[in-house]
Ligand SMILES: Nc1nc2c(ncn2[C@@H]2O[C@H](COP(=O)(O)OP(=O)(O)OP(=O)(O)O)[C@@H](O)[C@H]2O)c(=O)[nH]1
Ligand SMILES: [Mg+2]
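In the working numbering, the protein residues as written are 1 to 444.
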């Protein structure tokens with residue numbers, strides 16, 4: 001997600017940090033590089049020019065040159081500009097009204113059906129974190145692609161949502177039927193999947209308009225494939241004129257999309273990006289926060305999103321047990337194994353690393369991350385071949401026990417020793433994790 005821009009920007013700006021001296025020339029060169037990076041990321045030319053003009057108005061002149069830390073001041077201005085460009089800092093996180101109907105629009109293959117299951121999963125997880133549950137219904141009026149409705153049914157099952165198949169075969173009749181079922185069964189949210197076409201065409205738009213005028217959904221969400229670059233802005237404009245929508249979700253931000261469309265979206269459409277999709281699994285959806293995206297683009301990481309991911313994927317009881325073990329100073333190898341399990345639930349190390357400050361400028365190589373992944377697997381195997389008593393009291397592990405454990409797990413005594421060293425070191429990370437946990441509570 002924005003990896004391309006992030007790599008470019010981090011390398012441009014890391015050279016400025018801590019500089020006690022900047023010249024008009026430094027600044028101009030940096031702005032030129034920013035401009036180049038944005039163009040390479042497929043941001044439309046006029047959008048790039050506006051961004052650069054707005055930014056240079058702020059940076060050029062005395063404000064930056066005269067400040068005590070000109071490098072930092074410059075970056076701060078870029079950060080503010082980026083944030084406001086991407087949608088503004090104070091935007092309240094989007095949430096669905098309850099009860100309400102959400103109609104999902106988009107071209108064929110943009111990711112509508114997948115995104116609906118991600119949204120349902122997101123809403124359910126959010127509710128779960130508050131000890132609640134949500135009664136969600138998914139239904140489809142896509143009668144053009146035979147497998148489309150089956151696909152939604154399978155996805156609904158996989159995320160634990162309800163699904164309804166209307167026996168009507170015209171989209172408009174089906175939508176009446178679906179809505180009646182939604183009301184009758186007292187569902188809280190209806191996600192309605194609609195048919196897409198390969199290109200904008202008038203009969204698709206007409207059908208969507210009819211569905212829209214019957215359903216009057218609280219939210220109309222446009223799903224856009226980020227891989228289509230600038231083209232997706234034109235698509236969004238066509239949907240906006242014909243049917244209208246409240247906000248967009250950009251999918252496939254993981255598959256090498258350079259982020260140009262996401263960057264220009266708010267500027268071009270005057271509507272927010274609500275979420276971004278970053279994979280095919282239900283959990284691969286993130287709420288879009290302009291200020292956090294600006295952080296990521298500038299290589300400052302995004303610890304808040306990481307903490308939220310952790311909180312969504314790890315049960316509160318597991319988190320509490322870990323905190324308690326740490327607080328009481330009896331953090332054992334079993335807890336260590338549990339922690340590794342938790343990390344695995346958030347994602348792979350390389351996915352996690354993307355949220356860490358400074359990780360985009362190649363601070364950790366792909367090889368190191370792979371090595372880390374392999375260590376996780378090895379450590380889990382070694383710990384599982386220990387007795388419960390050994391897991392609680394690692395000091396029991398003498399030479400002969402280590403040999404037994406190594407054999408049992410299919411590794412060497414050196415591997416067992418590496419694990420024990422990492423276990424010692426982990427106490428530091430565990431403290432850090434605890435701190436982030438608290439840190440996050442401040443924002444609630
Ligand atoms: N990598 C990646 N793939 C995605 C993402 N979102 C959707 N996809 C994939 O894109 C393909 C199309 O997704 P669908 O959800 O079927 O798209 P759709 O808009 O419903 O397509 P139609 O029903 O044919 O109009 C599927 O293979 C999805 O797994 C994403 O965020 N990242
Ligand atoms: Mg579909």
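Even glycine gets a Cβ: it sits at the ideal position worked out from N, Cα and C.
Looking at the backbone, the Cα of residue 293 and that of residue 409 are separated by about 42 angstroms. The three-state secondary structure of residue 192, taken from DSSP, is strand. Looking at the backbone, the Cα of residue 159 and that of residue 420 are separated by about 38 angstroms. Checking the 7 angstroms criterion, the Cβ of residue 223 is within range of a heavy atom belonging to ligand 1. Boundaries of the beta strand (DSSP E) around residue 286: 285-287. Nearest in C-alpha terms to residue 112, of all of 24, 192, 218, is 192. Below 8 angstroms, enough C-beta pairs join the stretch 130-140 and the stretch 152-166 to call them touching: three or more. In this chain, the alpha helix (DSSP H) harbouring residue 27 covers 24-40. For residue 249, the enclosing beta strand (DSSP E) has its first and last residue at 247-251. By a beta-carbon distance limit of 8 angstroms, residue 287 contacts residue 93. Their separation comes to about 6 angstroms.
Counting only runs of 4 or more residues that sit fully inside the stretch 149-225, the alpha helix (DSSP H) segments are 171-184, 202-215, in chain order.
In the structure shown, residue 136 adopts extended strand secondary structure according to DSSP, grouped into three states. In the three-state scheme derived from DSSP, where H, G and I count as helix and E and B as strand, residue 243 is classed as coil. Non-local beta-carbon contacts of residue 381 in its own chain, meaning distances under 6 angstroms to residues more than five positions away in sequence, involve 409 in chain order. For a cut-off of 8 angstroms, the C-beta gap from residue 77 to residue 64 is around 7 angstroms, short enough to register as a contact. Residue nearest to residue 236 within the set 265, 168, 157, 114 is 265 (criterion: CA-CA distance). Across the set 339, 145, 336, 48, the C-alpha of 145 shows the shortest separation from the C-alpha of residue 107. Under the three-pair Cβ rule at 8 angstroms, the stretch 330-340 counts as touching the stretch 386-396. As DSSP reads the structure, residue 12 sits in no beta bridge. Taking C-beta atoms as the reference points, residue 238 and residue 232 fail to come closer than 8 angstroms.
Distances taken from the Cβ of residue 255 to the heavy atoms of ligand 1 include one shorter than 7 angstroms. Short note on residue 113: C-beta closer than 7 angstroms to some heavy atom of ligand 2. A distance criterion of 7 angstroms places the beta-carbon of residue 157 beyond contact range of ligand 1, judged by its closest non-hydrogen atom.
In this structure, the alpha-carbon of residue 423 lies about 7 angstroms from that of residue 336.
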